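Visitor: First the structure, then my questions, so here it is.
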Amino acid sequence: MPETAAIEVKDLHKRYGSREAVRGVDFCVKRGEVFGLLGPNGAGKTTTVEILEGHRERTSGHVSVLGHDPGERAAALRERVGIVLQSCGVYPHLTVRESVGHFAALYPAPRDVDEVLDLAGLGELGGARTRTLSGGQQRRLDFALALVGDPELVFLDEPTTGFDPEARRQAWETVRSLRDLGKTVLLTTHYLDEAQALADRVAIIRDGEIVAEGAPSELGVGGERYRITYRRGAESFAEETADPTTRLHQLTGEALARGQTLEGLTVTQPSLEDVYLELTARD
Amino acid sequence: MTEHALERPQVLPATRADRRWLGLAWRQYRLERRMFWRNPSAAFFNFVLPLLFLALFGAIFSEEQADLDVIVPGIAGMSVMSTTFSALAHNLVFLRERGILKRMRGTPLPTSAYVAGIAGNAVTNTALQMVLIVAAGKAFFGVDWPGDPGTMVVFVVLGVVCFASLGVALSHAIPNFESAPAYVNIVFLPVIFISGVFYDADNVPGVLRAIAEVLPLKHLVDGLSGAMVRAEGIADHGTALAVLAAWTVLGTALAIRGFGWRSSAR
């Protein structure tokens with residue numbers, strides 16, 4: 002496997018009239034990794050991904066996807082990429098199996114249709130007309146259509162927006178199985194837990210700029226900060242400390258000396274959510 | 244992943260690429276056919292309606308052969324327009340709104356093969372209609388087999404290209420699927436009424452006649468009527484061919500210029 006990146010983005014800009022939706026974005030996605038582009042609605046995630054997919058033209062900057070400029074829309078690139086977009090529908094009068102079968106025929110080396118239906122959790126629904134599918138089932142069909150061409154790289158644009166918890170869990174399983182298959186995945190989401198659960202690395206985007214990038218665990222630590230919470234009687238306490246060992250010793254020592262207990266004692270590090278909220282908070 | 248680079252040369256030999264293109268276009272075409280018959284409302288509007296009109300008006304004017312000689316080629320012209328112009332405008336707005344165009348664009352399917360599949364579907368409907376109308380004319384309405392079949396084919400082909408391009412062009416102007424029937428019918432219905440589909444266009448009042456003269460359908464109906472009823476050749480309809488050709492050029496330019504893959508709402 003060549004040591005080149007699957008996706009390279011350097012100083013990407015996109016302007017719509019006077020509004021600049023993407024303002025100098027840089028990031029790099031390695032082959033075989035799940036990369037999360039995380040940000041609130043309107044931050045520029047979808048614009049960025051649509052430029053990488055060849056659906057939009059960039060205003061300026063360098064973009065490389067599997068060694069191609071997506072703006073050239075080469076068939077050789079499209080054969081190697083699968084796309085799950087929020088805004089894409091399916092033919093309503095076809096069955097699930099017909100839809101997946103048709104898309105399989107568009108690619109030079111497709112996966113087996115039944116295998117893909119199983120992978121996407123649609124094994125039972127092959128004969129159903131697509132217009133009868135629920136929202137979650139339609140999104141699973143989106144996955145199946147994106148995977149049937151056996152792509153090396155998969156774009157997932159907000160793959161679980163509007164899902165109930167069960168459908169969401171299933172979609173996560175599908176993404177994990179993509180990683181197990183060795184696919185590179187670029188995932189956009191505005192759900193932190195989703196990025197945390199799925200991505201090897203995360204870039205947080207706000208107002209068209211990347212404000213943080215790294216592994217979810219690294220982002221989550223955010224320095225040596227710990228949060229201690231407990232209750233004493235009816236009162237709740239919460240405090241932050243850089244040295245939880247000493248502070249806990251003090252707290253528990255005092256409590257024991259007074260013959261009290263610290264109810265509901267917890268020690269946590271700030272989650273990615275805390276970091277995310279800090280980074281994306283509007284001034 | 245290296246074997247991908249080895250397996251797939253950047254440029255396929257021309258014949259293999261051509262065969263692949265044909266295969267993809269053929270697949271898309273078959274898919275469009277299958278979906279056409281599964282969608283009853285589309286099948287009705289674009290397919291059954293002209294035949295229903297033919298049956299109704301044929302019955303109403305059954306006493307007058309002169310009227311039947313107008314109705315049969317008139318309905319043929321209307322069919323060309325409804326199977327291409329109306330059908331493509333509806334379908335493209337639907338495909339755009341649903342994000343299906345955008346999804347197809349993300350696949351390796353060449354745009355030209357995709358368009359060929361969709362257009363082939365419309366052309367098949369037109370051809371089926373022509374056969375049904377000519378057969379019904381012979382069987383029930385006293386109109387003999389076309390006197391000049393070659394000229395009829397020329398007019399049908401030109402009519403298909405002309406109205407297909409105008410249908411694609413119109414689809415760009417339609418903001419969403421809910422409004423598509425209104426946009427299509429505000430063009431389609433007045434045009435069929437003033438263009439001599441149901442009665443001789445020469446009986447239409449002056450202003451409307453002048454408008455019809457500028458529009459393509461009247462000329463298509465003239466050409467079809469000449470070929471089907473009076474055995475007139477292409478040479479007898481130079482003006483009709485010129486007007487249809489002019490609209491085709493305009494329609495094609497507008498169709499290509501305004502083409503958008505995604506819903507305008509996004």
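Each protein sequence line maps, in turn, to chains U and Y.
In short: position in the first sequence from 1, add 1, done, that's the working numbering.
In short: position in the second sequence from 1, add 243, done, that's the working numbering.
Note that CB positions come from ideal geometry on N, CA and C, so glycine has one too.
Nothing here was measured: the structure is a model prediction, and the numbers come from that model.
From Y:Val472, Y:Leu484 and Y:Ile477, pick the residue whose C-alpha is nearest to that of aspartate 312 of chain Y; which is it?
Guide: Checked all of Y:Val472, Y:Leu484 and Y:Ile477; the closest Cα to aspartate 312 of chain Y is Y:Val472.
Visitor: Where alanine 198 of chain U and threonine 495 of chain Y are concerned, what is the direct C-alpha to C-alpha distance, given to the nearest angstrom?
Guide: Roughly 50 Å separates the two Cα atoms.
Visitor: Going along the chain, which unbroken runs of the alpha helix (DSSP H) with 4 or more residues stay wholly within the region 191-249 of chain U?
Guide: Listed in chain order, they are 193-199 and 217-222.
Visitor: I'd like the ranges of any beta strand (DSSP E) spanning at least 3 consecutive residues and lying wholly in the region 24-89 of chain U.
Guide: Those beta strand (DSSP E) runs which fall completely within the region 24-89 of chain U and span 3+ residues are 35-39, 61-66 and 82-85.
Visitor: Between the alpha carbons of alanine 256 of chain U and histidine 250 of chain U, how many angstroms are there, rounded?
Guide: In a straight line, the C-alpha of alanine 256 of chain U is about 10 Å away from that of histidine 250 of chain U.
Visitor: Which of the residues in the region 88-112 of chain U, read from start to end, lie with their CB under 9 Å from any CB of chain Y?
Guide: Those would be Ser88, Cys89, Gly90, Val91, Tyr92, Pro93, His94, Leu95, Glu99, His103, Phe104, Ala106, Leu107, Tyr108, Pro109 and Ala110, in chain order.
Visitor: What residues from chain Y crowd round arginine 79 of chain U, counting only those whose CB sits closer than 8 Å?
Guide: Ordered by position in chain Y, the residues that pass the 8 Å Cβ test against arginine 79 of chain U are Gly349, Thr350 and Pro351.
Visitor: Along chain Y, in chain order, which residues have C-beta atoms closer than 8 Å to that of alanine 76 of chain U?
Guide: Here the neighbours are Pro351 and Pro353.
Visitor: For tryptophan 490 of chain Y, is the classification buried or exposed, using 16 other Cβ atoms within 10 angstroms of its Cβ as the cut-off for buried?
Guide: Classification of tryptophan 490 of chain Y: buried, given that the 10 Å Cβ count is 16 or more.
Visitor: Report all residues from its chain with a CB closer than 6 Å to the CB of leucine 413 of chain Y; omit the five preceding and five following residues, and keep chain order.
Guide: Ala332, listed in sequence order.
Visitor: Taking any Cβ of chain U, which residues in the region 273-300 of chain Y have a Cβ under 8 Å from it, in chain order?
Guide: Residues passing the 8 Å Cβ filter: Leu274, Arg277, Met278, Arg281 and Asn282.
Visitor: With a threshold of 6 Å on Cβ separation, who are the neighbours of valine 447 of chain Y within its own chain once the five nearest residues in sequence on each side are excluded?
Guide: Closer than 6 Å at Cβ, skipping near neighbours: Ile437.
Visitor: Just checking: is the beta-carbon of histidine 63 of chain U within a distance shorter than 9 Å of some beta-carbon in chain Y?
Guide: No - not a single Cβ of chain Y is within 9 Å of the one on histidine 63 of chain U.
Visitor: Counting contacts by CB-CB distance shorter than 9 Å, is histidine 56 of chain U in contact with chain Y?
Guide: At least one chain Y Cβ lies under 9 Å of histidine 56 of chain U.
Visitor: Answer yes or no: does any C-beta atom of chain U fall closer than 9 Å to that of leucine 267 of chain Y?
Guide: Yes, leucine 267 of chain Y lies at the interface with chain U (some Cβ there is under 9 Å from its Cβ).
Visitor: Please classify valine 149 of chain U: does DSSP put it in a helix, a strand, or coil?
Guide: Three-state result, valine 149 of chain U: coil.
Visitor: So glycine 33 of chain U and threonine 185 of chain U are in contact, right, with Cβ under 8 Å, and what is the actual spacing, rounded?
Guide: Sure, about 6 Å apart at Cβ, within 8 Å.
Visitor: Consult DSSP for isoleucine 417 of chain Y and reduce its assignment to one of helix, strand or coil.
Guide: DSSP places isoleucine 417 of chain Y in coil when its eight states are reduced to three.
Visitor: Any beta carbon from chain U within less than 9 Å of arginine 500 of chain Y's own beta carbon?
Guide: Taking Cβ atoms only, chain U never reaches closer than 9 Å to arginine 500 of chain Y, which makes this a no.
Visitor: Of all Cβ atoms in chain Y, is any one closer than 9 Å to the Cβ of glycine 278 of chain U?
Guide: The displayed chain sequence assigns leucine, not glycine, to residue 278 of chain U. No, leucine 278 of chain U lies away from the interface with chain Y (no Cβ there is under 9 Å from its Cβ).
Visitor: Comparing C-alpha positions only, which one of U:Arg24, U:Gly72 and U:Gly62 sits nearest to alanine 44 of chain U?
Guide: Considering only alpha carbons, the answer is U:Arg24.
Visitor: Under 9 Å, Cβ to Cβ, is there at least one residue of chain Y near tyrosine 17 of chain U?
Guide: False, the Cβ-Cβ gap to chain Y never drops below 9 Å.
Visitor: If we call anything under 9 Å between Cβ atoms a contact, is arginine 169 of chain U one with glycine 127 of chain U?
Guide: Not closer than 9 Å, so no.
Visitor: Please name the residue, chosen from U:Leu193, U:Glu195, U:Val149 and U:Leu154, that lies closest to serine 65 of chain U on a Cα-to-Cα basis.
Guide: Per the Cα distances, U:Leu154.
Visitor: Using DSSP bridges, identify the partner residues of leucine 157 of chain U.
Guide: Leucine 157 of chain U pairs with U:Val85 and U:Leu188.
Visitor: Return the residue from the list U:Glu58, U:Leu148, U:Ser237 and U:Ala77 that minimises the CA-CA distance to serine 178 of chain U.
Guide: Serine 178 of chain U has its Cα closest to that of U:Leu148, out of U:Glu58, U:Leu148, U:Ser237 and U:Ala77.
Visitor: Mind checking whether the beta-carbon of glycine 501 of chain Y lies closer than 8 Å to any heavy atom of the ligand MN?
Guide: Ligands displayed in this structure: none; no statement on the ligand MN is therefore possible.
Visitor: Let me see if you follow: with CB-CB separation under 9 Å, is valine 82 of chain U close to chain Y or not?
Guide: Chain Y contact via Cβ: present.
Visitor: For leucine 274 of chain Y, which residues in the same chain have their Cβ closer than 8 Å to its Cβ, ignoring the five residues on either side in sequence?
Guide: Hits under 8 Å: Gly360.
Visitor: What number of angstroms, rounded off, separates the C-alpha of threonine 5 of chain U from the C-alpha of serine 272 of chain U?
Guide: So the alpha carbons of these two residues sit roughly 32 Å apart.
Visitor: Under the assumption that isoleucine 429 of chain Y contacts tyrosine 92 of chain U (Cβ atoms under 8 Å), give the Cβ distance between them as a whole number of angstroms.
Guide: With 8 Å as the limit, isoleucine 429 of chain Y and tyrosine 92 of chain U do not qualify as a contact, their Cβ atoms being about 28 Å apart.
Visitor: Whose CA, out of U:Glu80, U:Glu58, U:Ile84 and U:Val82, lies closest to the CA of glutamate 73 of chain U?
Guide: Considering only alpha carbons, the answer is U:Glu58.
Visitor: So that I know if they touch, is there some Cβ in chain Y lying closer than 9 Å to that of leucine 297 of chain U?
Guide: Any question about residue 297 of chain U goes unanswered here, given that chain U covers just 2 to 284.
Visitor: Does the beta carbon of lysine 461 of chain Y sit closer than 9 Å to a beta carbon anywhere in chain U?
Guide: Not an interface residue.
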